[in-house]
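Chains as they are written, first to last, in the working numbering: chain A, 1 to 114; chain B, 115 to 226.
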């Protein structure tokens with residue numbers, strides 16, 4: 001069965017510092033890959049997605065992610081974190097033949113200190 | 115343009131009761147998916163509706179059922195509530211064939 005692992009439950013970074021959130025997936029073929037963000041009391045907002053092609057994908061709010069097939073990873077990065085980035089971040093995968101049946105990781109809570 | 119709307123936002127029920135949650139998809143979307151997000155966990159796929167039929171289902175018991183209406187709105191029904199059903203229930207809509215989900219803010223269900 002598919003699984004998504006986000007090894008870090010909590011991460012704290014200083015405002016202006018760089019950020020990397022880790023995501024590893026377990027699946028035989030390359031699935032569709034997503035990063036979502038969830039603020040308290042809110043639904044999920046899509047940050048970026050990877051379907052095929054260039055392995056470095058750009059998203060909203062200055063986020064980017066790199067797909068590494070050899071490592072089954074899809075890590076999220078941001079060069080300079082803002083206080084408003086504090087939220088919970090979820091990595092998700094979708095088997096290409098299913099269509100929008102996402103499997104999510106457990107999430108990483110980002111705290112930003114000033 | 116309204117996004118995905120869910121009602122109610124909060125709900126408190128007792129074990130054994132039944133509950134109905136509602137979802138209106140984003141304008142132009144024809145597919146609705148439901149997810150359960152327990153505290154401290156990522157969302158889990160419950161099922162997906164398209165053309166008023168359940169098209170895909172996750173690993174949830176038959177106590178969880180749904181419906182989609184001709185206007186694409188959807189309901190999630192849970193019978194014989196258990197304490198473990200306490201969670202945030204998220205509705206997501208999409209256009210069939212498009213890999214982009216839009217999520218609502220969810221319904222927080224507490225079972226006492």
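Backbone N, C-alpha and C define an ideal beta-carbon position, used for all residues, glycine too.
Whole angstroms is fine: what's the gap from residue i's alpha carbon to residue j's?
| i | j | result |
| --- | --- | --- |
| residue 163 of chain B | residue 181 of chain B | 7 Å |
| residue 41 of chain A | residue 52 of chain A | 32 Å |
| residue 135 of chain B | residue 1 of chain A | 29 Å |
| residue 79 of chain A | residue 62 of chain A | 8 Å |
| residue 222 of chain B | residue 39 of chain A | 15 Å |
| residue 166 of chain B | residue 147 of chain B | 12 Å |
| residue 183 of chain B | residue 213 of chain B | 22 Å |
| residue 157 of chain B | residue 114 of chain A | 30 Å |
| residue 54 of chain A | residue 75 of chain A | 14 Å |
| residue 168 of chain B | residue 81 of chain A | 41 Å |
| residue 188 of chain B | residue 140 of chain B | 12 Å |
| residue 174 of chain B | residue 149 of chain B | 11 Å |
| residue 137 of chain B | residue 206 of chain B | 9 Å |
| residue 193 of chain B | residue 178 of chain B | 7 Å |
| residue 122 of chain B | residue 87 of chain A | 24 Å |
| residue 112 of chain A | residue 15 of chain A | 6 Å |
| residue 195 of chain B | residue 58 of chain A | 42 Å |
| residue 64 of chain A | residue 89 of chain A | 13 Å |
Just curious, the beta strand (DSSP E) that residue i is in, first and last residue?
| i | result |
| --- | --- |
| residue 163 of chain B | 158-164 |
| residue 147 of chain B | 145-151 |
| residue 3 of chain A | 3-5 |
| residue 74 of chain A | 73-78 |
| residue 221 of chain B | 221-225 |
| residue 180 of chain B | 178-182 |
| residue 155 of chain B | Per DSSP, residue 155 of chain B belongs to no beta strand (DSSP E) and is neither H nor E. |
| residue 117 of chain A | Past the edges of chain A, shown from 1 to 114, lies residue 117 of chain A, and the structure says nothing about it. |
| residue 83 of chain A | First-last for residue 83 of chain A: undefined, no H or E at that position. |
| residue 48 of chain A | 44-50 |
| residue 25 of chain A | 24-26 |
| residue 194 of chain B | Careful: residue 194 of chain B lies outside any beta strand (DSSP E) and carries neither H nor E. |
| residue 132 of chain B | Looking at the DSSP string, residue 132 of chain B is not in any beta strand (DSSP E), and its letter there is neither H nor E. |
| residue 167 of chain B | 167-171 |
| residue 55 of chain A | No beta strand (DSSP E) holds residue 55 of chain A; DSSP gives it neither H nor E. |
Since residue i and residue j are thought to touch, with beta carbons under 8 Å apart, how far apart are those beta carbons, to the nearest angstrom?
| i | j | result |
| --- | --- | --- |
| residue 108 of chain A | residue 21 of chain A | 5 Å |
| residue 203 of chain B | residue 143 of chain B | Not really, about 18 Å apart at Cβ, beyond 8 Å. |
| residue 106 of chain A | residue 6 of chain A | 6 Å |
Using the beta-carbon count (16 or more within 10 Å), is residue i buried or exposed?
| i | result |
| --- | --- |
| residue 99 of chain A | buried |
| residue 197 of chain B | exposed |
| residue 120 of chain B | buried |
| residue 56 of chain A | exposed |
| residue 35 of chain A | buried |
| residue 153 of chain B | exposed |
| residue 102 of chain A | buried |
| residue 116 of chain B | exposed |
| residue 190 of chain B | buried |
| residue 94 of chain A | buried |
| residue 160 of chain B | buried |
| residue 199 of chain B | buried |
| residue 85 of chain A | buried |
| residue 211 of chain B | exposed |
| residue 29 of chain A | exposed |
| residue 224 of chain B | exposed |
| residue 208 of chain B | buried |
| residue 215 of chain B | buried |
So does residue i have its beta carbon nearer than 6 Å to some heavy atom of the ligand HEM?
| i | result |
| --- | --- |
| residue 190 of chain B | Annotation note on the ligand HEM: not contained in the displayed structure, which lists no ligands. |
Is the segment 8-16 of chain A touching the segment 24-39 of chain A, taking contact as three or more C-beta pairs under 8 Å?
no
Does the count of Cβ pairs from the segment 126-137 of chain B and the segment 46-60 of chain A closer than 8 Å reach three?
no
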